[in-house]
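Have a look at the structure below before the remarks.
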Amino acid sequence: MIDVRFDHVSKVYRIARPDLAKGSRVSKLLNRHVEDFWAVRDVTFEVRRGETIGIVGHNGAGKSTLLKLLSRITVPTNGEIVLTGTVAALIEVGSGFHPELTGRENIFLSGSILGMRRREIAEKLDRIISFSGVGAFIDTPVKRYSSGMYVRLGFAIAAHLEPDILLVDEVLSVGDAAFQVQCHQRLNELRRSGTTMLFVSHDLTSIEQLCDRVILMHQGRLVANGAPHEVVKEYQRMAAAAVPEMPSPLARPDGSGRARIADVEFLDESVVTTRSARTGGAIVCRVIYEVAEPVDDGAIELFFYSRDGRTLYSQCTTALSGGTLRLDPGHGALEFVIPELGLQPGIYSLGALIRHRLSPESLDWFYRASLLFVEPGKTVRGYFYEPHHWRVVADPPEAAAAGLNALHHRRPHV
Amino acid sequence: MAVLEARPGGVHTRQLVIRPANSGWTGVTTHLRDLTGYTDLLFTLSAHRISVRYRQTALGIAWAVLQPLLMMLIFTGVFSVLVRMPSDGLPYALFAYTALLPWNFFATALTNGTSSLVGHTQLITRVYFPREILPLTYVIAAAFDFAIGCIVLIGLMAWYNVAITPHVWQLIPIVLVLTAWSFALAMIFSAAQVRWRDVGMAVPLLVQLWMFASPVIYPLSAVPPTWRSWYLLNPMAGIIASFRDVLLHGRLLDPVPITYSALISASALVGSYLVFKRAEATMADVV
Numbered sequence: 016m017i018d019v020r021f022d023h024v025s026k027v028y029r030i031a032r033p034d035l036a037k038g039s040r041v042s043k044l045l046n047r048h049v050e051d052f053w054a055v056r057d058v059t060f061e062v063r064r065g066e067t068i069g070i071v072g073h074n075g076a077g078k079s080t081l082l083k084l085l086s087r088i089t090v091p092t093n094g095e096i097v098l099t100g101t102v103a104a105l106i107e108v109g110s111g112f113h114p115e116l117t118g119r120e121n122i123f124l125s126g127s128i129l130g131m132r133r134r135e136i137a138e139k140l141d142r143i144i145s146f147s148g149v150g151a152f153i154d155t156p157v158k159r160y161s162s163g164m165y166v167r168l169g170f171a172i173a174a175h176l177e178p179d180i181l182l183v184d185e186v187l188s189v190g191d192a193a194f195q196v197q198c199h200q201r202l203n204e205l206r207r208s209g210t211t212m213l214f215v216s217h218d219l220t221s222i223e224q225l226c227d228r229v230i231l232m233h234q235g236r237l238v239a240n241g242a243p244h245e246v247v248k249e250y251q252r253m254a255a256a257a258v259p260e261m262p263s264p265l266a267r268p269d270g271s272g273r274a275r276i277a278d279v280e281f282l283d284e285s286v287v288t289t290r291s292a293r294t295g296g297a298i299v300c301r302v303i304y305e306v307a308e309p310v311d312d313g314a315i316e317l318f319f320y321s322r323d324g325r326t327l328y329s330q331c332t333t334a335l336s337g338g339t340l341r342l343d344p345g346h347g348a349l350e351f352v353i354p355e356l357g358l359q360p361g362i363y364s365l366g367a368l369i370r371h372r373l374s375p376e377s378l379d380w381f382y383r384a385s386l387l388f389v390e391p392g393k394t395v396r397g398y399f400y401e402p403h404h405w406r407v408v409a410d411p412p413e414a415a416a417a418g419l420n421a422l423h424h425r426r427p428h429v
Numbered sequence: 021m022a023v024l025e026a027r028p029g030g031v032h033t034r035q036l037v038i039r040p041a042n043s044g045w046t047g048v049t050t051h052l053r054d055l056t057g058y059t060d061l062l063f064t065l066s067a068h069r070i071s072v073r074y075r076q077t078a079l080g081i082a083w084a085v086l087q088p089l090l091m092m093l094i095f096t097g098v099f100s101v102l103v104r105m106p107s108d109g110l111p112y113a114l115f116a117y118t119a120l121l122p123w124n125f126f127a128t129a130l131t132n133g134t135s136s137l138v139g140h141t142q143l144i145t146r147v148y149f150p151r152e153i154l155p156l157t158y159v160i161a162a163a164f165d166f167a168i169g170c171i172v173l174i175g176l177m178a179w180y181n182v183a184i185t186p187h188v189w190q191l192i193p194i195v196l197v198l199t200a201w202s203f204a205l206a207m208i209f210s211a212a213q214v215r216w217r218d219v220g221m222a223v224p225l226l227v228q229l230w231m232f233a234s235p236v237i238y239p240l241s242a243v244p245p246t247w248r249s250w251y252l253l254n255p256m257a258g259i260i261a262s263f264r265d266v267l268l269h270g271r272l273l274d275p276v277p278i279t280y281s282a283l284i285s286a287s288a289l290v291g292s293y294l295v296f297k298r299a300e301a302t303m304a305d306v307v
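These protein sequence lines are chains A and B, in that order. No gaps in the numbering here: position 192 of the first sequence is 207 in the numbering used here, and each next residue is one more. No gaps in the numbering here: position 81 of the second sequence is 101 in the numbering used here, and each next residue is one more.
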């Protein structure tokens, strides 16, 4: 049974460009220059009952427009969408709250905005309240809520919808870690009960784990539709190609051709080349170089850049034990071994530089050339993951022990 | 394909086809059936509108009574004490209050209804529901204030010894016409405001001007007979004059003014609904 069918669907947004309008100010008001923007162009696909579909693509690729069309927020310009069953979007509905109303009243208000019947809401009220974790404040006007409570209550309502087709748009970033776990559990519950799901997310790991099939959108068009692993790989390949080449004034500066960096690649734990790593996971960065004339006292430096081109950190071989790096003619490789990766999930680029150890002038600079996709591994909050381990102190220092003893002595007998 | 399939929880599945927006009659039955699926939302939203309005006010619901009463006092002061305004031989306070009830219904429904879509941008861009529910809830909230005001009116009539006659049932069609007209205008103005925010600026002015073009502070009999048929093109004229006639004069309804109002209101309601639903298709894109 087909739950969702997109049949050559397109959506055009007309964007006013007053800056391009011709004529006087008055005629500009009347004859607005309008440009067409195809948010979704000739998209055709089907979703079977009970399937979970992931939608991936860059920002502005048309993912959210697909969901807006599905949830009837906006209407297609061409084509036809056939839905079999009720549709609901899992969105954080706190924006539909009335600040003067209490949490309980807002549950009824938001619930009915999302298409629930009053009776249905009344039945689920206790579960919604306990899911949200705002129990004690449920009869307080929501204007007195903290923003966290606001979001959790809004999400709790949406999470208790029981549609045939559920749309999930990047909501799993809502709330703290504990709440996210709760949300994931709820999604799995719905999935097991046979709800058809469409996911939009940038979290490729979740997409790969949760979805039966993945759709890749690019500039409004559907460019791939298939097994999650394949499509995610395709997306990563596209993302890599989309990063603009940044011509560096320092690139190939020496021109002597004595040595050059050929490539920077990544190896996973089983020594297979990869593009992705996980936060807290092991990864090896291999710098491959070619040397024409020997360099006795060479150095290779590895740079990690954020997507917007900021240098996050760099490491140089001058810190190598032994100090000197002999670069002999021919091909060579150097590995930078990271036992536990500290980077947060995201896309990073790496560059490498080859030079004489004592000279600041580089022989070759391989600038922002290799992309590394870091996926969520060890969940961390903050800016980076710190490799670490915890240790229980078996023999507490004496001072502390003495303090504890003193406490024991003071305590009356039981 | 199963068209109606029962599911646990009483939710029915049926096929829904989403196509590009089309104008004309074809979609109207679908739209109306869609709307009936959202009666719970309409009820909840209207109830909250009413309850929220007077929350955190010291006087609370008394404002529903105070607003027309204070306006009545002001009008009586100006048009009965300072200026002598004809009032068909009725006590001016009662004369003015009776007209202020339907007038305030219309004015509040129009003012609040116009901004209803723009005021709920967050909802419109995130959730689907038939958008006409938003202006409609403000019409219902205005009807609630109107009902409270009517209770006070009964008290006033007793005070001035004006009897309620058996003809009072005729208020039902009058109130229906009033509701239809208010809803029609709230729909078209709110849809227009989504595209042109100018509407929000113009409406308060329009409402003030409109009051002077309606028999609120003066009787319909003050309008020269030659102008009468033009004057009655304003549906509020027929509504207010008839409302006053039935209640204060206990007369059988003069069919001409209210028929004007009913015809104009009915066609406005149909036209405005068609335009509204047409505009609805792109509301989330424009708002």
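Quick reminder that beta carbons are idealized off the backbone N, C-alpha and C, glycines included.
Tell me which same chain residues have a C-beta within less than 8 Å of the C-beta of residue 309 of chain A, skipping the five on either side of it? What you label residue 309 of chain A is simply residue 294 of the first sequence in a count that begins at 1. Closer than 8 Å at Cβ, skipping near neighbours: 341, 342, 343, 344.
Backbone secondary structure at residue 233 of chain A - three-state DSSP: As a working note, residue 233 of chain A is residue 218 in the first sequence. Note: residue 233 of chain A maps to strand in three-state DSSP.
Is there at least one Cβ from chain A nearer than 9 Å to residue 50 of chain B's Cβ? Here residue 50 of chain B refers to the residue found at position 30 when the second sequence is read from its first residue. With 9 Å as the cut-off, residue 50 of chain B does not count as an interface residue toward chain A.
Helix or strand or just coil, what does DSSP make of residue 124 of chain B? By one-based count along the second sequence, residue 124 of chain B stands at place 104. Note: residue 124 of chain B maps to helix in three-state DSSP.
Do residue 215 of chain A and residue 446 of chain A count as a contact pair if the criterion is CB distance below 9 Å? This structure leaves residue 446 of chain A out entirely; chain A is present only between 16 and 429.
Neighbourhood of residue 349 of chain A by C-beta, 6 Å cutoff - its chain only, sequence neighbours within 5 removed: Position 334 of the first sequence, counting from 1, holds the residue named residue 349 of chain A. 302, 315.
Would you check if there are 3 or more beta carbon pairs closer than 8 Å linking the region 150-159 of chain B to the region 205-220 of chain B? yes
Cα-Cα separation between residue 149 of chain A and residue 94 of chain B, rounded to whole angstroms: Position 134 of the first sequence, counted from the first residue, corresponds to residue 149 of chain A. Position 74 of the second sequence, counted from the first residue, corresponds to residue 94 of chain B. Computed Cα separation, rounded: 48 Å.
Buried or exposed for residue 229 of chain B, please, with buried defined as at least 16 other CB atoms from any protein chain shown within 10 angstroms of its CB. Sequence index remark: in the second sequence, residue 229 of chain B carries index 209 (1-based). The residue in question, residue 229 of chain B, is exposed, as its Cβ has fewer than 16 Cβ neighbours within 10 Å.
Minimum C-alpha distance to residue 40 of chain B - residue among B/306, B/231, B/307, B/301: Working through the second sequence from its first residue, we reach residue 40 of chain B at position 20. Per the Cα distances, B/301.
7 Å CB neighbourhood of residue 120 of chain B in its chain, flanking five on each side removed: For the purposes of this step, residue 120 of chain B is identified with residue 100 of the second sequence, where counting begins at 1. If we look at residue 120 of chain B and ignore the five residues flanking it on each side, its Cβ neighbours are 88, 91, 92, 236.
To be precise: take each residue of the region 142-168 of chain B, compare its Cβ to all Cβ atoms of chain A, and keep it if any distance is under 7 Å. Which residues remain? 142, 143, 145, 146, 147, 148, 149
Could you check where the alpha helix (DSSP H) with residue 67 of chain B kicks off and where it finishes? Here the question's residue 67 of chain B lines up with position 47 in the second sequence. Here the alpha helix (DSSP H) through residue 67 of chain B covers 59-73.
Taking the beta strand (DSSP E) that residue 53 of chain A belongs to, which residues open and close that run? Here residue 53 of chain A refers to the residue found at position 38 when the first sequence is read from its first residue. It spans 49-63 - the beta strand (DSSP E) in which residue 53 of chain A sits, taken as one unbroken run.
Among B/125, B/265, B/193, nearest to residue 183 of chain B - alpha-carbon criterion: Against the second sequence, residue 183 of chain B aligns to sequence position 163. Comparing Cα positions, the closest option is B/265.
From the DSSP output, in three-state form, read off residue 241 of chain A for me. As a working mapping, residue 241 of chain A is identified with position 226 in the first sequence. Here residue 241 of chain A sits in strand by DSSP.
Taking the DSSP output, what are the residues bridged to residue 156 of chain A? The sequence position of residue 156 of chain A within the first sequence is 141, counting from 1. Residue 156 of chain A is bridged to A/117.
Ordered list of beta strand (DSSP E) runs contained in the region 284-327 of chain A, each at least 3 residues: 291-293, 298-306, 310-320
Measure the alpha-carbon distance for residue 105 of chain B versus residue 187 of chain B and round it to whole angstroms. As a position in the second sequence, residue 105 of chain B is number 85, starting the count at 1. As a position in the second sequence, residue 187 of chain B is number 167, starting the count at 1. Distance between the alpha carbons of residue 105 of chain B and residue 187 of chain B: 27 Å.
Among the candidates A/99, A/49, A/137, whose CA atom is the shortest distance from the CA of residue 60 of chain B? Residue mapping note: residue 60 of chain B aligns to position 40 of the second sequence, counting from 1. That would be A/137, whose Cα lies nearest to the Cα of residue 60 of chain B.
Regarding residue 370 of chain A and the ligand HEM, is the C-beta to nearest heavy atom distance less than 8 Å? The ligand HEM is not part of this structure, which contains no ligands at all.
Near-chain B residues of the region 89-100 of chain A (beta-carbon distance less than 9 Å), N- to C-terminal order: 89, 90, 91, 92, 93, 94, 95, 96, 97, 98, 99, 100
Is residue 123 of chain A close to chain B? Criterion is C-beta to C-beta, closer than 9 Å. Taking the first residue of the first sequence as 1, we reach residue 123 of chain A at position 108. Closer than 9 Å to some Cβ of chain B, the Cβ of residue 123 of chain A qualifies, so yes.
Would you verify that the beta carbon of residue 164 of chain A is, or is not, closer than 9 Å to some beta carbon of chain C? Annotation note: the requested chain C is absent from the structure, which comprises protein chains A and B.
Can you tell me the Cα-Cα spacing of residue 240 of chain B and residue 282 of chain B, whole angstroms? Position 220 of the second sequence holds residue 240 of chain B. Position 262 of the second sequence holds residue 282 of chain B. Straight-line Cα distance between these residues: approximately 17 Å.
If you follow the beta strand (DSSP E) that residue 93 of chain A is part of, which residue opens it and which one closes it? As a working mapping, residue 93 of chain A is identified with position 78 in the first sequence. That run of the beta strand (DSSP E) goes 93-99.
Proximal chain B residues relative to residue 115 of chain A, where beta-carbon distance stays under 8 Å: Walking along the first sequence from the start, residue 115 of chain A turns up at place 100. By Cβ distance, chain B contributes 72, 75, 76.
Just checking my contact of residue 79 of chain B with residue 180 of chain B at CB under 8 Å: how many whole Å lie between their CB atoms? Locating residue 79 of chain B in the second sequence gives position 59, counting from the first residue. Locating residue 180 of chain B in the second sequence gives position 160, counting from the first residue. Their Cβ separation, rounded to whole angstroms, is 25 Å, which puts residue 79 of chain B and residue 180 of chain B out of contact at 8 Å.
Going by C-alpha distance, which of A/67, A/153, A/72 is nearest residue 203 of chain A? Translated into positions along the first sequence, residue 203 of chain A becomes position 188. Answer by Cα proximity: A/67.
To the nearest angstrom, how far is the alpha carbon of residue 353 of chain A from that of residue 299 of chain A? For the purposes of this step, residue 353 of chain A is taken as the residue at position 338 of the first sequence. For the purposes of this step, residue 299 of chain A is taken as the residue at position 284 of the first sequence. Their Cα atoms are separated by approximately 6 Å.
Please state whether DSSP places residue 331 of chain A in a helix, a strand or coil. One-based indexing of the first sequence puts residue 331 of chain A at position 316. Correct three-state label for residue 331 of chain A: strand.
For residue 249 of chain A, which three-state DSSP category applies? Numbered from its first residue, the first sequence carries residue 249 of chain A at position 234. Here residue 249 of chain A sits in helix by DSSP.
List the DSSP bridge partners of residue 431 of chain A. One cannot answer for residue 431 of chain A here, as it falls past the ends of chain A, which runs 16 to 429.
Do we get a CB-CB distance below 9 Å when we pair residue 65 of chain A with the residues of chain B? Within the first sequence, residue 65 of chain A is the residue found at index 50, counting from 1. No - not a single Cβ of chain B is within 9 Å of the one on residue 65 of chain A.
Residue 29 of chain A, enclosing beta strand (DSSP E) - first and last residue: In the first sequence, residue 29 of chain A corresponds to position 14, counting from 1. Segment 17-31, the beta strand (DSSP E) holding residue 29 of chain A.
Cutoff 7 Å; reference residue 62 of chain B; Cβ partners in own chain excluding five residues on either side: Stepping through the second sequence from its first residue, residue 62 of chain B is reached at position 42. The answer, listed in chain order, is 153, 156, 157.
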